[in-house]
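The structure appears below as structure tokens.
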Amino acid sequence: MSKLTLDGFFSYCKQIAEHIQLGERMASLSGQGTPKLTSAVGNLYYDSILPYREDANAQTREFLARVVDVLLDYVQQVNDRNEKILEFKMPEEMQKTLDLALHDEPLPLKQLLEDCKSALKHQVKTGHPHFFNQLSCGLDIISLAGEWLTAAANTNMFTYEIAPVFILMENVVLEKMRSMIGWKTGDSILAPGGSVSNLYAFLAARHHKFPQYKEKGLTSIPGHLVMYTSDQCHYSVKSCASVCGLGTDYCICVPSDEHGRMIPSELERLVRYHKDRGNVPFFVNATSGTTVLGAFDPLMEIADICQKYDMWMHVDAAWGGGLLFSKKYRHPRLTGIERADSVTWNPHKLMGTLLQCSTVHFKYEGILLSCNAMSAEYLFMTDKIYDPRYDTGDKVIQCGRHNDIFKLWLQWRGKGTSGFERHMDRLMELSEYMVRRIKEQPDKFYLILEPEMVNVSFWYLPKQLRNLPHDSNKEIKLGKVCAKLKGKMMQAGTIMVGYQPDDRRPNFFRNIISSAAVTEKDIDFLLSEMDRLGQDIIVD
71 MSKLTLDGFF
81 SYCKQIAEHI
91 QLGERMASLS
101 GQGTPKLTSA
111 VGNLYYDSIL
121 PYREDANAQT
131 REFLARVVDV
141 LLDYVQQVND
151 RNEKILEFKM
161 PEEMQKTLDL
171 ALHDEPLPLK
181 QLLEDCKSAL
191 KHQVKTGHPH
201 FFNQLSCGLD
211 IISLAGEWLT
221 AAANTNMFTY
231 EIAPVFILME
241 NVVLEKMRSM
251 IGWKTGDSIL
261 APGGSVSNLY
271 AFLAARHHKF
281 PQYKEKGLTS
291 IPGHLVMYTS
301 DQCHYSVKSC
311 ASVCGLGTDY
321 CICVPSDEHG
331 RMIPSELERL
341 VRYHKDRGNV
351 PFFVNATSGT
361 TVLGAFDPLM
371 EIADICQKYD
381 MWMHVDAAWG
391 GGLLFSKKYR
401 HPRLTGIERA
411 DSVTWNPHKL
421 MGTLLQCSTV
431 HFKYEGILLS
441 CNAMSAEYLF
451 MTDKIYDPRY
461 DTGDKVIQCG
471 RHNDIFKLWL
481 QWRGKGTSGF
491 ERHMDRLMEL
501 SEYMVRRIKE
511 QPDKFYLILE
521 PEMVNVSFWY
531 LPKQLRNLPH
541 DSNKEIKLGK
551 VCAKLKGKMM
561 QAGTIMVGYQ
571 PDDRRPNFFR
581 NIISSAAVTE
591 KDIDFLLSEM
601 DRLGQDIIVD
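Remember, our numbering sits 70 above the position in the sequence shown when you count from 1.
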């Protein structure tokens with residue numbers, strides 16, 4: 071053969087190979103097939119893609135593109151009301167179903183892609199419109215895009231030199247949030263969850279009242295510190311007393327009223343009681359949006375008591391903080407929040423930012439650095455070429471800190487402040503709709519109280535308990551219904567609603583509406599599906 075003929079032959083072979091790979095690629099994306107890698111890439115291993123091989127851009131792109139296809143398929147399923155929320159399996163059965171073994175030798179890329187599919191296949195679809203189980207529901211697409219970018223950037227948030235864009239972003243967002251609380255200045259940080267945010271508030275309060283405690287410890291305090299919180303608060307507040315050395319006996323639970331709100335007169339009575347015994351009341355936690363009932367403590371009255379007895383006032387608005395956006399619903403629920411010394415506010419709850427995204431804010435500028443700085447010279451040098459005040463690592467007790475800001479910043483840019491306001495108003499309106507629908511079916515549902523927020527608390531009545539007088543014995547039976555009906559929900563996989571007892575009543579359902587995907591039709595489906603699954607339940 072001539073050289074020209076050989077060149078033509080090799081060119082023809084190359085075209086055939088490209089068509090074969092293209093065919094495999096198209097086949098993997100068509101019909102009912104799930105995303106697959108071409109054989110040329112699927113049989114490769116980790117060391118055949120970036121960063122191990124500089125010439126591996128094409129195969130790296132293909133692998134990641136197929137992973138993205140898996141994720142996009144999942145996003146579609148999450149938003150498909152015909153899809154189940156979960157395919158429930160008992161732990162032992164799930165253990166047998168999944169291949170979770172770690173091997174001595176590497177597995178090929180095609181297996182890793184299958185692992186991604188399997189993980190999502192057996193995961194609860196928390197973004198599904200029929201998932202009402204947790205405070206954090208929904209799947210905000212813009213926030214999701216931000217989380218993907220965050221993972222690709224893979225940077226720590228402790229210094230400006232390695233996270234310049236995200237540090238500045240954080241400053242802008244946190245300053246905006248402080249202004250919404252009602253402060254012109256102050257300090258803030260993103261923390262790994264509301265529990266740690268509350269811990270930061272406790273530490274700052276103790277440091278503010280007793281700055282010598284940082285070096286001298288317990289010997290610097292003239293008496294035993296006492297903190298106060300409502301009996302409906304999040305358990306993390308009591309945990310602060312344990313972790314920080316007060317002891318849980320000195321975290322005093324203040325009685326709440328029938329709506330779950332702290333009773334101010336009881337708070338003052340308990341403060342006086344401990345002062346008279348030589349203890350040192352110093353910290354009050356007020357809750358704006360309790361976990362179970364969604365109650366809002368009366369902030370103005372609590373602020374008056376804190377001012378009178380020189381105590382730090384913290385507001386745990388991890389759940390209810392999102393209502394600061396709403397002109398319609400902010401007052402009277404959050405009236406007086408500007409008088410607090412610190413505020414916890416979790417965008418990953420009512421605002422729908424992807425987990426995790428928790429903030430804690432302080433009225434006093436520089437308090438985080440003063441309270442927590444250890445001045446590690448190997449990381450937080452003061453002779454850098456930029457202003458070291460932009461470094462955040464010494465403001466926190468954890469050093470390394472995940473980038474939780476970009477997904478919130480991008481979401482805020484996408485929605486605007488007005489978009490968040492509309493979202494808050496919509497969630498509250500849907501909760502009001504659910505209350506109306508419950509009241510319209512008194513034979514099947516019993517509304518426990520008028521909600522202040524998106525927590526709708528109620529009982530479901532199976533046929534056995536209908537037309538019976540409502541008394542304490544009936545409530546005990548209704549509590550037993552909850553566990554049985556929740557089990558049926560999980561086995562059916564069609565809806566999920568949480569239940570729990572409180573100090574006034576046995577188990578009851580607590581429905582949460584915090585997902586932007588939910589509509590009135592979804593609420594109607596929820597109630598009708600509960601009736602379909604539960605009407606024949608029998609309890610002793």
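In this text, a Cβ means the ideal position worked out from N, Cα and C, and glycines have one as well.
Check your understanding: Anyone know if the C-beta pair for Met-560 and Phe-158 falls short of 7 Å?
Key -> yes
Review point. Near Glu-184, which residues of its chain fall below 7 Å by C-beta distance, leaving aside the five closest residues on each side in sequence?
Key: none
Exercise for review: Classify Asp-319 as buried or exposed, calling it buried when 16 or more other Cβ atoms lie within 10 Å of its own Cβ.
Suggested key: exposed
Review point. Helix, strand or coil: which one does DSSP assign to Asn-525?
Key: strand
**Study point:** Thr-299, enclosing beta strand (DSSP E) - first and last residue
**Key:** 295-300
Review point. Between the Cα of Cys-552 and the Cα atoms of Val-609, Ala-171, His-200, which residue gives the shortest distance?
Key: Val-609
Point to revise | For Arg-602, three-class secondary structure by DSSP | key: helix
**Study point:** Short Cβ contact (7 Å threshold) for Pro-351 with Met-332
**Key:** no
Point to revise | Cβ-based burial, Ala-365 [other Cβ within 10 Å; buried from 16] | key: buried
Exercise for review: Could you have a look at Cys-552 and say whether DSSP puts it in helix, strand or coil?
Suggested key: helix
Point to revise | Val-350 in three-state terms, based on DSSP | key: strand
Point to revise | Own chain, CB closer than 6 Å to Ser-312, minus 5 neighbours either side, in chain order | key: The residues are Thr-318.
Review point. How close, in whole Å, do the beta carbons of His-200 and Thr-589 come, if the pair is a contact with beta carbons under 8 Å?
Key: Not really, about 11 Å apart at Cβ, beyond 8 Å.
Practice item. Have a look at Asp-536 and Lys-544 and give me their C-alpha separation to the nearest angstrom. Key: The residue you asked about is not Asp; residue 536 is Arg in the sequence shown. Answer to the nearest angstrom: the Cα atoms are 10 Å apart.
Practice item. May I ask you to list the residues that DSSP assigns as paired with Cys-321? Key: Under the DSSP definition of a beta bridge, Cys-321 partners with Met-297.
Practice item. Can you tell me which of the three DSSP states Gly-197 falls into? Key: coil
Review point. Under a three-way DSSP split, which group does Tyr-283 fall into?
Key: helix
Review point. Considering Asp-453, what are the terminal residues of the beta strand (DSSP E) in which it resides?
Key: Per DSSP, Asp-453 belongs to no beta strand (DSSP E) and is neither H nor E.
Exercise for review: Flag this pair as touching only if the stretch 170-178 and the stretch 216-225 have three or more C-beta atom pairs under 8 Å; answer yes or no.
Suggested key: no
Practice item. State yes or no: is the C-beta of Asn-268 within less than 7 Å of the C-beta of Thr-361? Key: no
Review point. Going along the chain, which unbroken runs of the alpha helix (DSSP H) with 4 or more residues stay wholly within the stretch 164-210?
Key: 179-191, all fully within the stretch 164-210.
Review point. Should the stretch 443-454 be called in touch with the stretch 226-240, which here means at least 3 C-beta pairs below 8 Å?
Key: yes
Check your understanding: Got a sec? Which residues, its chain only, sit under 8 Å from Leu-107 by beta carbon, not counting five neighbours each side?
Key -> These residues qualify, in order along the chain: Ser-98, Glu-132, Phe-133, Arg-136, Leu-179, Lys-180, Leu-183.
**Study point:** Contact check, Asn-203 vs Gly-568, beta carbons under 7 Å
**Key:** Yes, Cβ-Cβ distance for Asn-203 and Gly-568 is below 7 Å.
Review point. Under 7 Å, do Phe-236 and Asn-442 count as touching if we go by C-beta distance?
Key: no
Check your understanding: Can you pull the DSSP bridge partners for Ser-326?
Key -> Met-332
Point to revise | Through-space distance from Gly-604 to Gly-252, alpha-carbon basis | key: 47 Å
Check your understanding: Rounded to a whole number of angstroms, what is the C-alpha to C-alpha distance between Glu-163 and Thr-196?
Key -> Using only the alpha carbons, I get a separation of about 21 Å.
Point to revise | Collapsed DSSP secondary structure at Ile-251 in the structure displayed | key: helix
Check your understanding: Are any of the Cβ atoms in chain B nearer than 7 Å to that of Ser-501?
Key -> The displayed structure is made up of one protein chain only, and chain B is not part of it.
Point to revise | Element boundaries [alpha helix (DSSP H), containing Asp-374] | key: Segment 369-378, the alpha helix (DSSP H) holding Asp-374.
Review point. If Gln-426 sits next to Gly-557, beta carbons under 8 Å apart, how far is it from one beta carbon to the other, in whole angstroms?
Key: Not quite, the Cβ-Cβ distance comes to about 29 Å (not below 8 Å), so this is no contact.
Check your understanding: How far does the beta strand (DSSP E) with Arg-580 in it reach, from first residue to last?
Key -> 578-582
Point to revise | C-alpha gap between Thr-289 and Gln-282, whole angstroms | key: 9 Å
Practice item. Leaving aside the five residues before and after Ser-265 along the sequence, list all residues of the same chain whose C-beta is less than 6 Å from its C-beta, in chain order. Key: Ser-306
Review point. DSSP puts Ile-259 in a beta bridge; with which residues?
Key: Val-430
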